[in-house]
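See structure below.
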Amino acid sequence: MLESVVVDMGWSSELEQARIIEEWPAFVGTATAEHTTVTGIRDGVLEIQCDSTTWATELRRLRAEMLTRLLTEYPDSEIRDLRFRAPGAPSWRHGPRVVPGRGPRDTYG
């Protein structure tokens, strides 16, 4: 009954994506999960924040294998790519629109 409602309402991909986020530690393993956090899914791209550049680099190297496994285990998720982000400088972006130019940073000296 519930499965037919999910299919009828078109919620299959959203539920699969929620499963990926919830099951991330089991999917990547405890050691990797301690250094990574799923930050979201945008336009079919699973975004993962890493706590160091080393972890981001290593996971980028394993991206193809992880994506293949993800597509096998979560076929309805509609995930097309993985993006691993290393920690960096704070972002001044706070919304979807950007004004060209240096913005508030040009007053720092």
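The opening residue of the sequence shown carries number 1 in UniProt numbering; numbering runs sequentially from there.
Backbone N, C-alpha and C define an ideal beta-carbon position, used for all residues, glycine too.
Small disclaimer: the values here were computed from a predicted structure and weren't measured.
Quiz item: Straight-line CA distance for D76 to I21?
Solution: The count along the sequence shown starts at 1 and reaches residue 76 at position 76. The count along the sequence shown starts at 1 and reaches residue 21 at position 21. Each residue's Cα considered, the two are about 14 angstroms apart.
Practice problem: Note the first and the last residue of the continuous alpha helix (DSSP H) segment covering E34. | Solution: Here residue 34 refers to the residue found at position 34 when the sequence shown is read from its first residue. Segment: none, E34 is in no alpha helix (DSSP H) and carries neither H nor E.
Quiz item: Under a three-way DSSP split, which group does E23 fall into?
Solution: What you label residue 23 is simply residue 23 of the sequence shown in a count that begins at 1. DSSP places E23 in coil when its eight states are reduced to three.
Practice problem: Following the continuous beta strand (DSSP E) through R85, name the residue where it begins and the one where it ends. | Solution: Along the sequence shown, one-based indexing puts residue 85 at 85. Looking at the DSSP string, the run of the beta strand (DSSP E) that includes R85 is D81 to R85.
Quiz item: Fully enclosed by the stretch 34–63, which beta strand (DSSP E) runs are 3 residues long or longer?
Solution: 36–42 and 45–50
Quiz item: Between R61 and H94, what straight-line distance do the alpha-carbon atoms span, to the nearest angstrom?
Solution: Counting from one through the sequence shown, the residue named residue 61 turns up at place 61. Counting from one through the sequence shown, the residue named residue 94 turns up at place 94. Cα-Cα distance, rounded: 30 angstroms.
Exercise. Return the residue from the list R83, P100, H35 and G44 that minimises the CA-CA distance to Q17.
Key: Position 17 of the sequence shown holds residue 17. Closest option to Q17, Cα to Cα, is G44.
Practice problem: Enumerate in chain order the residues of its own chain whose CB-to-CB distance from E73 is below 8 angstroms, with the five nearest sequence positions on each side excluded. | Solution: As a first step, residue 73 must be located in the sequence shown, where it is residue number 73. So the list reads F27, once near-sequence residues are dropped.
Quiz prompt | E14 versus W55: straight-line alpha-carbon distance, rounded | solution = Your numbering for residue 14 matches position 14 in the sequence shown. Your numbering for residue 55 matches position 55 in the sequence shown. So the two alpha carbons sit approximately 27 angstroms from each other.
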